[in-house]
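Asks: Numbering (our numbering), first residue to last: 42 to 469.
For every residue, glycine included, the Cβ atom is placed at its ideal position computed from N, Cα and C.
Handing you a structure now.
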């Protein structure tokens, strides 16, 4: 087997808007806490089949951009587009590459749009540069191993008091003469940094910690839909990175199991899902919106307002207007599964809840996969994939907004699709 690996800096300039957090009121970033990177990895099996993984420290990526990037990488690397997986860490301290929030209340100025677009073009350039460089440096793999441990004191289930978490810390290690590369999979929202600083959040802190010991780390965010860190702030962000790093080092040395990736098999399938629409029509929603907005001065907002239920209702109406005006009745997306010998990666195009992720892990293990990783926020972003209980109990993950448009049937559809692919790959 052969391996190539490249890392490039894609940190945006200070002043760009940050996505993912409502209390920021779409303010511009003011400083850099930690850089954002893209990491490009190619594995080639003995038969010449490739698996290309592009990971980026971003909030997410839509299918349109993912398809464009796959065409670039396919051309540069002579690899089939279906063999390319594009994943993001979902850091909430990066630009709004997905779900620009509250487009009526906080519209982008022309200057802000230009600022974003110039940075986004640079990301594409860095992807091309990485692909050109990765073509030059290919080396034979000396060792491949998997390891799994448990780390349950860092996060909690924010949706359900009796809810589960997924404590698994799962690792795929690949070594050659020059590099030691770890693909690390853990299940917790990267939301510790709540300020206006650009940041790769705790996955970035894990990366810096592991570099001290000579490892390159590619982080895959698991089924984190309803899983948050126990605390917030820069101190906890660094604590999480350090705890994950210590555990990664420990299990990589004490519990590593050498494996042979004798064959790479990848399946990519298109699917179409129904989406929920607002109960009221656009005209009625606009009337409600402007009536409520007249009670606020959007130029003098404070963070305390984020706890005002009327203000929150206004923002959700803003979201419903956007959905009513711009969305159809269906959404197209893709799912992807990569089988690397006896380990498997399930690529999820959105925010899968931990309850669903645990079901898929059990099913995969019952089909004799030694290691299963779930990589959310991958290839596309269709928002949350709520479970039936989310709708029954009116949870945040099921309240209609651009980040929650799928209906109660979506989870079952995803489960059936992934289970069928797992079974197909294992028994073909």
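By Cβ distance, which residues of its chain are closer than 6 angstroms to residue 245, with the 5 residues on each side in sequence left out?
Replies: Sequence index remark: in the chain shown, residue 245 carries index 204 (1-based). Only 75 meet the Cβ criterion.
Asks: Here's a check: name, in chain order, each residue in its chain whose Cβ is nearer than 6 angstroms to the Cβ of residue 185, leaving out the five neighbours to either side.
Replies: Here residue 185 refers to the residue found at position 144 when the chain shown is read from its first residue. Within the same chain, residue 185 has close Cβ partners 215, 300 and 302.
Asks: Using the beta-carbon count (16 or more within 10 Å), is residue 325 buried or exposed?
Replies: Here residue 325 corresponds to residue number 284 of the chain shown, with the count starting at 1. Looking at its Cβ environment, which holds fewer than 16 other Cβ atoms inside 10 Å, residue 325 is exposed.
Asks: Is the beta carbon of residue 419 closer than 8 angstroms to that of residue 388?
Replies: The residue you call residue 388 lines up with position 347 of the chain shown. The residue you call residue 419 lines up with position 378 of the chain shown. A contact, by the Cβ cut-off of 8 angstroms.
Asks: I'd like to know if residue 79 contacts chain C, where contact means its C-beta is closer than 8 angstroms to some C-beta of that chain.
Replies: In summary, chain C is missing from the structure at hand, where a single protein chain is found.
Asks: Any contact between the segment 225–238 and the segment 309–326? By contact I mean 3 or more CB pairs, one from each, below 8 angstroms.
Replies: Output reads no: the segment 309–326 does not touch the segment 225–238.
Asks: Scan the segment 271–296 and note each continuous alpha helix (DSSP H) run of 4 residues or more that stays entirely inside, going in chain order.
Replies: With a minimum length of 4 residues, the continuous alpha helix (DSSP H) runs that stay inside the segment 271–296 are 275–295.
Asks: Cβ atoms of residue 342 and residue 92: under 8 angstroms apart, would you say?
Replies: Start at 1 with the first residue of the chain shown, and residue 92 comes out as number 51. Start at 1 with the first residue of the chain shown, and residue 342 comes out as number 301. Cβ atoms of residue 92 and residue 342: not closer than 8 angstroms.
Asks: Exposed or buried, residue 354, counting other C-beta atoms within 10 Å across all chains shown (16 or more means buried)?
Replies: Sequence index remark: in the chain shown, residue 354 carries index 313 (1-based). The residue in question, residue 354, is exposed, as its Cβ has fewer than 16 Cβ neighbours within 10 Å.
Asks: In terms of residues, what are the limits of the beta strand (DSSP E) holding residue 227?
Replies: Here residue 227 refers to the residue found at position 186 when the chain shown is read from its first residue. Unbroken beta strand (DSSP E) run through residue 227: 221–227.
Asks: Hey, could you find the ends of the alpha helix (DSSP H) residue 455 is sitting in?
Replies: In the chain shown, the residue the question calls residue 455 occupies position 414. Residue 455 -> alpha helix (DSSP H) spans 451–468.
Asks: Near residue 241, what residues of its chain come up, given a Cβ to Cβ distance below 6 angstroms and the 5 sequence neighbours on each side ignored?
Replies: Indexing the chain shown from 1 puts residue 241 at position 200. Excluding positions up to five away in sequence, the list reads 75, 77, 98 and 132.
Asks: Between the C-alpha atoms of residue 194 and residue 271, what's the straight-line distance to the nearest angstrom?
Replies: Walking along the chain shown from the start, residue 194 turns up at place 153. Walking along the chain shown from the start, residue 271 turns up at place 230. For residue 194 and residue 271, the distance between alpha carbons rounds to 8 angstroms.
Asks: Straight-line CA distance for residue 21 to residue 379?
Replies: What is shown of the chain runs 42 to 469, which leaves residue 21 out entirely.
Asks: Do you know whose CA, among 316, 408 and 249, lies nearest residue 284's CA?
Replies: Within the chain shown, residue 284 is the residue found at index 243, counting from 1. Taking only the C-alpha atoms, the option nearest residue 284 is 249.
Asks: Below 8 angstroms on the Cβ atoms is my contact criterion, and I expect residue 446 with residue 317 to pass it. Report the Cβ-Cβ distance as a whole number of Å.
Replies: The sequence position of residue 446 within the chain shown is 405, counting from 1. The sequence position of residue 317 within the chain shown is 276, counting from 1. Right, the Cβ-Cβ distance comes to about 6 angstroms (below 8 angstroms), so this counts as a contact.
Asks: Counting along the chain, where does the beta strand (DSSP E) carrying residue 478 start and finish?
Replies: With the chain represented from 42 up to 469, any question about residue 478 goes unanswered, as that position is not in the structure.
Asks: State the CB to CB distance for the pair residue 474 and residue 138, rounded to an integer number of angstroms; the pair is presumed to be in contact (CB under 8 angstroms).
Replies: Past the edges of the chain, shown from 42 to 469, lies residue 474, and the structure says nothing about it.
Asks: With distances taken between CB atoms, is the gap from residue 160 to residue 359 smaller than 8 angstroms?
Replies: In the chain shown, residue 160 corresponds to position 119, counting from 1. In the chain shown, residue 359 corresponds to position 318, counting from 1. Cβ atoms of residue 160 and residue 359: not closer than 8 angstroms.
Asks: Can you grab the Cα-Cα spacing for the pair residue 140 / residue 80, in whole Å?
Replies: For the purposes of this step, residue 140 is taken as residue 99 along the chain shown, with counting starting at 1. For the purposes of this step, residue 80 is taken as residue 39 along the chain shown, with counting starting at 1. About 23 angstroms.
Asks: When we look at the beta-carbon of residue 173 and count the other beta-carbons within 10 Å, is it buried (16 or more) or exposed?
Replies: What you label residue 173 is simply residue 132 of the chain shown in a count that begins at 1. Label assigned to residue 173: exposed.
Asks: In chain order, what residues of the same chain lie with their CB nearer than 7 angstroms to the CB of residue 290, ignoring the 5 residues before and after it?
Replies: Working through the chain shown from its first residue, we reach residue 290 at position 249. Correct list, in chain order: 254.
Asks: With DSSP collapsed to three states, give me the class of residue 310.
Replies: Taking the first residue of the chain shown as 1, we reach residue 310 at position 269. Here residue 310 sits in strand by DSSP.
Asks: Please work out which residues of its chain come closer than 6 angstroms, Cβ to Cβ, to residue 90, disregarding the five sequence neighbours upstream and downstream, and give them in chain order.
Replies: For this step, residue 90 is matched to residue 49 along the chain shown. Cβ within range, chain order: 305.
Asks: Express the C-alpha separation of residue 243 and residue 352 in angstroms, rounding to a whole number.
Replies: Taking the chain shown and counting its residues from 1, one reaches residue 352 at position 311. Taking the chain shown and counting its residues from 1, one reaches residue 243 at position 202. Answer to the nearest angstrom: the Cα atoms are 30 angstroms apart.
Asks: Roughly how many angstroms separate the alpha carbons of residue 269 and residue 403, rounded to a whole number?
Replies: Counting from one through the chain shown, the residue named residue 269 turns up at place 228. Counting from one through the chain shown, the residue named residue 403 turns up at place 362. Approximately 22 angstroms between the Cα atoms of the pair.
Asks: Who are the near neighbours of residue 416 in its chain, counting only those whose CB is closer than 8 angstroms to its CB and skipping five residues on each side?
Replies: Residue mapping note: residue 416 aligns to position 375 of the chain shown, counting from 1. For residue 416, where only same-chain residues beyond five positions count, the Cβ hits under 8 angstroms are 126, 128, 226, 261, 262, 263, 386, 387, 388 and 389.
Asks: Out of 51, 150 and 409, point me to the one whose CA is closest to residue 169's CA.
Replies: Taking the first residue of the chain shown as 1, we reach residue 169 at position 128. Here the closest residue by C-alpha is 51.
Asks: Have a look at the DSSP bridge pairing and note the partners of residue 238.
Replies: As a first step, residue 238 must be located in the chain shown, where it is residue number 197. DSSP lists 72 as partners of residue 238.
Asks: Out of curiosity, what's the CA-to-CA distance linking residue 175 and residue 164?
Replies: As a position in the chain shown, residue 175 is number 134, starting the count at 1. As a position in the chain shown, residue 164 is number 123, starting the count at 1. Cα to Cα, the separation comes out at about 16 angstroms.
Asks: Look up residue 93 in the DSSP assignment and give the residues it is bridged to.
Replies: Along the chain shown, read from residue 1 onward, the residue named residue 93 stands at position 52. Answer is 83 and 125.
Asks: Would the beta-carbon of residue 478 fall within 8 angstroms of that of residue 432?
Replies: Any answer about residue 478 is impossible in this case: the structure gives the chain only from 42 up to 469.
Asks: For residue 111, I'd like the list of residues in its chain whose CB is within less than 6 angstroms of its CB, leaving aside the five on either flank, ordered along the chain.
Replies: As a working note, residue 111 is residue 70 in the chain shown. Only 122 and 125 meet the Cβ criterion.
Asks: Spatial neighbours of residue 413 within its chain, please: C-beta separation below 6 angstroms, excluding the five flanking residues on both sides.
Replies: Start at 1 with the first residue of the chain shown, and residue 413 comes out as number 372. Hits under 6 angstroms: 385, 402 and 405.
Asks: Where do the ends of the alpha helix (DSSP H) carrying residue 409 lie?
Replies: Position 368 of the chain shown, counted from the start, is the residue given in the question as residue 409. That residue, residue 409, is in no alpha helix (DSSP H); it is neither H nor E in DSSP.
Asks: Whole angstroms is fine: what's the gap from residue 319's alpha carbon to residue 295's?
Replies: Reading the chain shown from its first residue, position 278 is the one you call residue 319. Reading the chain shown from its first residue, position 254 is the one you call residue 295. Using only the alpha carbons, I get a separation of about 53 angstroms.
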